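Worksheet: one structure, shown below.
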Amino acid sequence: DTGVSQDPRHKITKRGQNVTFRCDPISEHNRLYWYRQTLGQGPEFLTYFQNEAQLEKSRLLSDRFSAERPKGSFSTLEIQRTEQGDSAMYLCASSPKGGGTGIPYEQYFGPGTRLTVT
Amino acid sequence: AQSVTQLGSHVSVSEGALVLLRCNYSSSVPPYLFWYVQYPNQGLQLLLKYTSAATLVKGINGFEAEFKKSETSFHLTKPSAHMSDAAEYFCAVSDIYGNKLVFGAGTILRVKS
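So the sequences go chain by chain: U and R.
Sequential numbering from 5 applies to the first sequence in the numbering used here.
Sequential numbering from 131 applies to the second sequence in the numbering used here.
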């Protein structure tokens, strides 16, 4: 079990450019989550997948954001036409399973991708 | 909607002193509550979680938290602070479907020698 990995760890881009981040969850975890964390704040939920299905998206996820998990394994988060307000840490997490009511499983977080938009 | 309030954005204690980090939640249904720790430039690590089995929850690194329904609180404590405890701590509540975590704003713990 190698943990959740994210790539890249840091990304500096100019306003208006597109960026894509990758997350590799713990193997056999069928739930994958994306959060955004800005300076001085706690992480905020963006979206989550169960296997390849994207089941919920936050209002924070504007039309410029898109996330995929094509084969139910790794996931990508793309931001188009980046803005300075997109500068943040983007965190990925995975959990063993879920669905319906019941005790939630622990979410395991990756190290994050820090995005700086200049 | 669920929410979490962490009282005190910064807490400073001396090494060996009691650590108390405060968390109050708002939830219309029985909550599931978590404490995570984040070291600089790292992801979040789970310290402990409350899932209604016991009101006093013990976690890693000597931390524990007590769920008090009447006070809607889930404060984190450690009897004796260590320098390695210096980090940012987040309290979080899960929605009833376990689909996402709602985090507080975090408390930065500083440990003085």
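From the three backbone atoms N, C-alpha and C, an ideal C-beta is built for every residue, glycine too.
Owing to the predicted nature of the structure, the values given are computational and were not obtained by experimental measurement.
Which of helix, strand or coil DSSP assigns to residue i
| i | result |
| --- | --- |
| Ile83 (chain U) | strand |
| Gln3 (chain U) | This structure gives no information on residue 3 (chain U), because the portion of chain U shown stretches from 5 to 122. |
| Ala154 (chain R) | According to the sequence displayed, residue 154 (chain R) carries Asn and not Ala. Strand at Asn154 (chain R). |
| Gln168 (chain R) | strand |
| Gln175 (chain R) | strand |
| Asp225 (chain R) | coil |
| Ser77 (chain U) | coil |
| Ile238 (chain R) | strand |
| Gln21 (chain U) | coil |
| Ile30 (chain U) | coil |
| Ser99 (chain U) | strand |
CB of residue i within 9 Å of CB of residue j, strictly
| i | j | result |
| --- | --- | --- |
| Phe49 (chain U) | Gly76 (chain U) | no |
| Leu123 (chain U) | Gly236 (chain R) | Chain U is shown only over 5 to 122; residue 123 (chain U) falls outside these bounds and no answer can be derived. |
| Phe220 (chain R) | Val167 (chain R) | yes |
| Gly44 (chain U) | Gly234 (chain R) | no |
Alpha carbon of residue i to alpha carbon of residue j, nearest angstrom
| i | j | result |
| --- | --- | --- |
| Phe25 (chain U) | Thr181 (chain R) | 33 Å |
| Pro160 (chain R) | Lys230 (chain R) | 15 Å |
| Lys208 (chain R) | Glu196 (chain R) | 12 Å |
| Met93 (chain U) | Ala131 (chain R) | 24 Å |
| Gly7 (chain U) | Gly114 (chain U) | 7 Å |
| Gln136 (chain R) | Gln88 (chain U) | 28 Å |
| Thr120 (chain U) | Lys18 (chain U) | 8 Å |
| Ser243 (chain R) | Leu178 (chain R) | 26 Å |
| Asn171 (chain R) | Lys198 (chain R) | 32 Å |
| Leu258 (chain R) | Leu206 (chain R) | This structure cannot settle anything about residue 258 (chain R), because the visible part of chain R is limited to 131 through 243. |
| Leu239 (chain R) | Val143 (chain R) | 8 Å |
| Thr42 (chain U) | Glu218 (chain R) | 14 Å |
| Asn154 (chain R) | Phe204 (chain R) | 6 Å |
| Pro29 (chain U) | Ala71 (chain U) | 14 Å |
| Glu82 (chain U) | Ala147 (chain R) | 45 Å |
Candidates the options, of which the one nearest residue i by Cα
| i | options | result |
| --- | --- | --- |
| Ser66 (chain U) | U:Gln10, U:Glu32, U:Thr86 and U:Ser98 | U:Thr86 |
| Trp165 (chain R) | U:Gln111, U:Pro115, U:Val121 and U:Thr122 | U:Gln111 |
| Val149 (chain R) | R:Thr185, R:His140 and R:Ala222 | R:His140 |
| Asn55 (chain U) | U:Lys101, U:Thr117 and U:Gly116 | U:Lys101 |
| Val232 (chain R) | R:Val187, R:Ser156 and R:Gln168 | R:Ser156 |
| Leu36 (chain U) | U:Leu43, U:Cys27 and U:Thr42 | U:Cys27 |
| Asn22 (chain U) | U:Asp90, U:Pro74 and U:Gly116 | U:Asp90 |
| Glu194 (chain R) | R:Ser200, R:Leu176, R:Gly138 and R:Glu201 | R:Leu176 |
| Asn34 (chain U) | U:Gly44, U:Tyr109 and U:Leu81 | U:Tyr109 |
Output the residue ranges of the beta strand (DSSP E) runs that lie fully inside the stretch 38-75 of chain U and measure 3 residues or longer, sorted by chain position.
48-54, 57-61 and 69-72
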